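Asker:
Residue numbers (the numbering used here): 1412 to 2136.
1) Would you call the stretch 1730-1740 and the stretch 1997-2007 in contact, with 3 or more CB pairs under 8 Å?
2) Could you tell me the alpha carbon to alpha carbon distance between residue 2089 and residue 2131, rounded to whole angstroms?
3) In three-state DSSP terms, what is residue 1501?
4) Below 8 Å, how does it come out for the stretch 2010-2023 and the stretch 1970-1986: are there three or more Cβ pairs, yes or no?
5) Hey, how far is the Cα of residue 1850 from the Cα of residue 1864?
6) What is the rounded straight-line gap between the Cα of residue 1482 and the Cα of residue 1462?
7) In angstroms, rounded to a whole number, what distance separates the CA positions of residue 1814 and residue 1959?
8) For residue 1753, I'd like the list of residues in its chain whose CB is within less than 7 Å of its CB, leaving aside the five on either flank, ordered along the chain.
9) Measuring only the C-alpha atoms, how far is residue 1532 from residue 1560?
10) Near residue 1459, what residues of its chain come up, given a Cβ to Cβ distance below 6 Å and the 5 sequence neighbours on each side ignored?
11) Suppose the cutoff is 7 Å on Cβ atoms and the five residues either side in sequence are ignored; what does the same chain contact list for residue 1875 look like?
12) Let me make sure I understand the geometry here. Which of 1635, 2019, 1939 has the alpha-carbon closest to that of residue 1657?
13) Is DSSP giving residue 1985 helix, strand or coil here?
14) Do residue 1655 and residue 1645 have their beta-carbon atoms positioned less than 7 Å apart in this structure?
15) Below 8 Å, how does it come out for the stretch 1674-1682 and the stretch 1620-1632: are there three or more Cβ pairs, yes or no?
16) Tell me residue 1720's beta-bridge partners as DSSP assigns them.
17) Looking only at its own chain, which residues have a Cβ that is under 8 Å from the Cβ of residue 1732, when we skip the five neighbours before and after it?
18) To the nearest angstrom, report how far apart residue 1592 and residue 1536 are at their CA atoms.
19) For residue 1470, which three-state DSSP category applies?
20) Out of 1512, 1819, 1474, 1514, state which residue places its alpha-carbon closest to the alpha-carbon of residue 1520.
21) Can you say whether residue 2127 is buried or exposed, counting buried as having 16 or more other CB atoms within 10 angstroms of its CB?
22) Alpha carbon to alpha carbon, how far is residue 1755 from residue 2122? Give it in angstroms, no decimals.
23) Going by the DSSP bridge assignment, what does residue 1776 pair with across the sheet?
24) For residue 1952 and residue 1928, what's the separation of their Cα atoms in angstroms?
25) Looking at the unbroken beta strand (DSSP E) that takes in residue 1744, where does it start and where does it end?
26) Among 2074, 2100, 2073, whose alpha-carbon lies nearest the alpha-carbon of residue 2081?
27) Going by DSSP in three states, residue 1888 sits in which element: helix, strand or coil?
28) Could you tell me if residue 1522 is buried or exposed, where buried requires 16 or more neighbouring beta carbons within 10 angstroms of its beta carbon?
29) In the DSSP output, which residue or residues are listed as bridge partners for residue 1901?
30) What residue from 2086, 1670, 2108 has the CA that sits closest to residue 2125's CA?
31) Measuring only the C-alpha atoms, how far is residue 1478 from residue 1992?
32) What's the gap between the Cα of residue 1750 and the Cα of residue 1796?
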């Protein structure tokens, strides 16, 4: 068997701090889109000038634009709690407040953020500074019951004093006319202070349902009733909030307030005043879809505005709200492949190919499709120069393109596949496979797959497996392990194996689950993910699919699995859930996530780094948001070893029992070689010549832990882990 390890190991040359039991190590997960936009809900937006603006959102989302909202980049606030409200007192100094009492402060236009307040008892939903030194924030907590919380700073936001009146209820909107006169509104009433928050008087009680508020003076104010993403209505008061009039003429979703300028924005209308309500302009618009949930809007002048909402949506207007355009600020990655930890390729948008040579820090467009109706669906490179793109044209004709210059130019090597090319895999420069998804009118259920093979670098293709009504499979349920061995799982649970590069297929067994994904790390070790009602079940084989063990994971729905070797892997699922294993699925450990969006599939660039593609929500076809996960495997030597040169596994080996009590047998196909054993910190423990296929090894007097077995013979090499308990 010949295969390149996902992250090839070499003789240990230097060590980093070891994991958990031997040092400090932690999983690192961040939104990965170099252009900055992600799919979390966006909750507030503020601009400091005509060009520079900020967006805050859930799970620590913080974005910045320098070009009036046309593109956005991510900032690092250092928290993962929801960030609900923004306020800048000048172009450099600003504040963001959120859940768990979080208040952050920046004095360098968002480059760095200082943690100035935290309290897990309550969430903050609004923050305001009537002057550079005086600031207020309001929120509510749930312990022991819903309760208002008021916060005040008198030193420019460096420190905050918190008070909690006895009133129960939810509050999320605050308006201060000056340093001492202010109003707070919530679902259970309206409160007023004239002494800077030292005391609060109830102006009105009951369910006001006002979600945002703005007072021009001590008597005249405006609010948005209902609202909060849903259709709401304009509310007005002329007696300091005691009584409110309701204008239900038009439905509105969000409101913007700045001095005497008030703008209400809805799905079909924009209502605007610049003179405190003496006169209003009504603008009709049909470019704000009613299907989205909007949370905040801001304007830099009467013409230019930005609207944000759930799912990472951003709209901008340059004509006062008559027309809005949706800003797709992220690079719309749809597929990605790494051929080494540093070098990779990705499909972006409809038909663009990107490449990276620095582990994904910078991506450059190397090719754009030339046919307007063509869509790139999959990519596979055999090395830095030779690669293939699969896709579909005119919604029905599959094609394959080939490059030999790293993607600068492509030529068509085949067109006419039935349906969409969904899967590309090349075993070497000559032999490769495609799976196409076909929808013939005569087929039950509407579609199936065909499998085709090339042995001449894509110049000609032979169909070796065709769909049938009762013999369908998914593109993720086929895998070619090496030049001869392939596995295929049909939708009815039938598991087949080919030993002649896909020409013929023999039934091995029938699984008790159906699946649309299998994953083999070598000829013997493989996994199958259930896709039926038992959608948290993963099955494992260690004998090439003859027998399977089933495991139920503590996840409600698993969508995808990705293994970098027979021991290390992750599974991802709905609600942002991630679990990892470093012992071949014997145990699974939850990984802390930063999103609650569904995670759909993943690729790896090395043994510890995964790129996870997340659901981008409605209205965003052909694109995903991406998480980058650097996994800390508890006992993974690959996580602690600096790699100097690649190693190719060119033989198979077996260690049993594994785990063990210090005595185990190492079995290899070759009755020769040299074997070394390293401890968890890279120190060589044993070294000797191998003269038989089965070698008994005694480590009974060594401490418990993970050890590395390194066997080599001529050009062949095997590196495996052994667990001593």
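From the three backbone atoms N, C-alpha and C, an ideal C-beta is built for every residue, glycine too. Fair warning: this is a prediction, and the values are worked out from it, not measured in the lab.
Answerer: Checking against the coordinates, here is how it stands:
1) Short answer: they don't touch.
2) Residue 2089 and residue 2131: Cα-Cα distance of roughly 11 Å.
3) Secondary structure of residue 1501 (DSSP, three-state): coil.
4) Flag = yes, the stretch 2010-2023 and the stretch 1970-1986 touch.
5) Below a pLDDT of 50, predicted positions are generally treated as unreliable, and residue 1850, at 49, falls in that range; no measurement from the model is reported.
6) Rounded to whole angstroms, the separation of the alpha carbons of residue 1462 and residue 1482 is 11 Å.
7) Straight-line Cα distance between these residues: approximately 40 Å.
8) Within the same chain, residue 1753 has close Cβ partners 1768, 1769, 1770.
9) The C-alpha of residue 1532 lies about 10 Å from the C-alpha of residue 1560.
10) Here residue 1459 has 1499, 1502 as same chain residues with Cβ atoms under 6 Å from its own Cβ, once five neighbours each way along the sequence are excluded.
11) In the same chain as residue 1875, and ignoring 5 residues on each side of it, the C-beta atoms closer than 7 Å to its own belong to 1862, 1863, 1864, 1913, 1914, in chain order.
12) Residue 1657 has its Cα closest to that of 1635, out of 1635, 2019, 1939.
13) DSSP places residue 1985 in the helix class (H, G or I) of the three-state scheme.
14) Contact flag unset, no.
15) No: fewer than three Cβ pairs fall under 8 Å.
16) Residue 1720 pairs with 1705.
17) Answer for residue 1732: 1674, 1676, 1681, 1683, 1694, 1696, 1716, listed in chain order.
18) The alpha-carbon atoms of residue 1592 and residue 1536 are separated by roughly 19 Å.
19) Note: residue 1470 maps to helix in three-state DSSP.
20) Considering only alpha carbons, the answer is 1474.
21) Result: buried.
22) Cα to Cα, residue 2122 sits roughly 30 Å from residue 1755.
23) Answer is 1765.
24) Those two C-alpha atoms are separated by around 14 Å.
25) Annotation for residue 1744: the continuous beta strand (DSSP E) segment containing it runs 1744-1749.
26) Looking at the Cα atoms, 2100 is the closest of the given residues.
27) Of the three classes helix, strand and coil, the one that applies to residue 1888 here is helix, per DSSP.
28) Around the C-beta of residue 1522, fewer than 16 other C-beta atoms lie within 10 Å, and the residue is accordingly described as exposed.
29) BP columns for residue 1901 are empty, so no partner.
30) Nearest C-alpha to residue 2125: 2086.
31) Here the C-alpha atom of residue 1478 lies approximately 43 Å from the C-alpha atom of residue 1992.
32) If I take the Cα positions, the gap works out to 11 Å.
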